[in-house]
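Student:
In the UniProt record's numbering, the protein residues as written are 1 to 128.
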């Protein structure tokens, strides 16, 4: 009996674990058991799974949620234009913004020429 215990201890540890009932399984280094961070879609706020994940301007979308704000056409990474966090198809981006030459006008923001006018008024009062 004493010799059988010595023989079990003399075997390498990986062989002893493989033959016993409580064995540990080695997984590849790319596999991880830690909880995956669930990413949510920037458009619908639902969970995005890796197979349907699309990243545009550091935002994560479902393939089906990545669409033009104006016409709701499905966009791809090669067919969109972004402005102030909004995504448009290229034809509507040109129609809405490029023809006017002022990107801020369509968003209700102050136009740059108004900011310049205030600076001229301020500098005019300081020199007088």
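In this text, a Cβ means the ideal position worked out from N, Cα and C, and glycines have one as well. Please read these numbers as outputs of a predicted model, since none were measured by experiment.
List the endpoints of the continuous alpha helix (DSSP H) containing residue 92.
Tutor: Its alpha helix (DSSP H) spans residues 90 to 93.
Student: At least one CB of chain C closer than 8 Å to the CB of residue 76: is that the case?
Tutor: Structure shown: chain C not included; a single protein chain is present.
Student: Could you say which of 42, 41, 54 lies nearest to residue 76 if we only look at CA atoms?
Tutor: Closest option to residue 76, Cα to Cα, is 54.
Student: Rounded to whole angstroms, what's the CA-CA distance from residue 51 to residue 95? Just pull it up for me.
Tutor: Going from the Cα of residue 51 to the Cα of residue 95 covers about 33 Å.
Student: DSSP puts residue 83 in a beta bridge; with which residues?
Tutor: According to DSSP, which records beta bridges pairwise, residue 83 is partnered with 86.
Student: Indicate the three-state DSSP secondary structure (helix, strand or coil) for residue 75 in the structure shown.
Tutor: In the structure shown, residue 75 sits in coil (DSSP, three-state: anything other than H, G, I, E or B).
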